[in-house]
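Numbering (my numbering), first residue to last: 459 to 618. A short worksheet on the structure shown next.
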C-alpha cells in the first residue's frame, strides 16, 4: 500500500469545533434537527457503533434523523471555511462556522482532495475519511434554498 502525501495551499487549521443546538425545523415536515451547530471549546470524539441509528461520534451532538445520519461512517463532519465564504457570497449573506452542520470548521483544507480511507489528525483525535457529505432535505430547508440539495451536491466539495 502506497503513501498518499497531501499538499495544502495554506497551513491547515481548525477554526471552530461545533455541536448541535437541537430545535424544531419547520419545512415540508416539521422535525427535530441538529443541523444548526454552535461553537464549543473542544469536542470529545469517539467511534460509534456502525449503524446510522447509533448517533454522532461527537459527545453531546444531536442527530435528528438517525435513519440517515450518524454511525461509524458519518460520525464527525468537517467543512472548510473557504467554502462557507463562497456560498455566503453567492447568497449575499455571511454563514457562521457550524452553519452547514459541520462539527469542525477548517481553514486551508480542500476536502474534495482528501481520499476515502485517508487518516489525519485533528488535535489529539485521528479521523478517517469514510465518505463525502450527502446533502439532505433538512439541509435545504435549513438554508431556505430551493434546489439546494442538487446545487450543493453538483458543486463537488461537500466536506467529509
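Using N, Cα and C, we set each Cβ at its ideal position, and we do this for glycine too. The model shown is predicted, which means the values in this text are computed figures rather than measured ones.
message = Taking the straight line between their C-alpha atoms, what separation do you get for residue 523 and residue 491?
response = Taking the chain shown and counting its residues from 1, one reaches residue 523 at position 65. Taking the chain shown and counting its residues from 1, one reaches residue 491 at position 33. Cα to Cα, residue 523 sits roughly 7 Å from residue 491.
request  = Using beta-carbon positions only, say whether residue 473 and residue 596 come within less than 8 Å of one another.
outcome  = The sequence position of residue 473 within the chain shown is 15, counting from 1. The sequence position of residue 596 within the chain shown is 138, counting from 1. Contact: no.
Identity of the residue in 617, 614, 618 and 593 nearest residue 607 by Cα = Position 149 of the chain shown holds residue 607. Looking at the Cα atoms, 593 is the closest of the given residues.
ask   = What is the DSSP secondary structure of residue 565, reduced to helix, strand or coil?
value = Along the chain shown, one-based indexing puts residue 565 at 107. Strand, per DSSP.
request  = Report back the beta-carbon spacing between residue 515 and residue 599 to the nearest angstrom; my notes put them in contact at under 8 Å.
outcome  = Start at 1 with the first residue of the chain shown, and residue 515 comes out as number 57. Start at 1 with the first residue of the chain shown, and residue 599 comes out as number 141. The Cβ separation is near 24 Å, so there is no contact.
ask   = Which one or two residues does DSSP pair with residue 477 in a beta bridge?
value = Here residue 477 corresponds to residue number 19 of the chain shown, with the count starting at 1. Partner(s): 496.
message = Taking the beta carbon of residue 533 as the centre, do at least 16 other beta carbons fall within 10 Å, making it buried, or is it exposed?
response = Within the chain shown, residue 533 is the residue found at index 75, counting from 1. Result: buried.
query = What is the DSSP secondary structure of residue 558, reduced to helix, strand or coil?
reply = Locating residue 558 in the chain shown gives position 100, counting from the first residue. Residue 558 falls in the coil class under three-state DSSP.
task = Look at the alpha carbon of residue 527 and the alpha carbon of residue 517, and state the distance between them as a whole number of angstroms.
result = Walking along the chain shown from the start, residue 527 turns up at place 69. Walking along the chain shown from the start, residue 517 turns up at place 59. Rounded to the nearest angstrom, the two C-alpha atoms are 15 Å apart.
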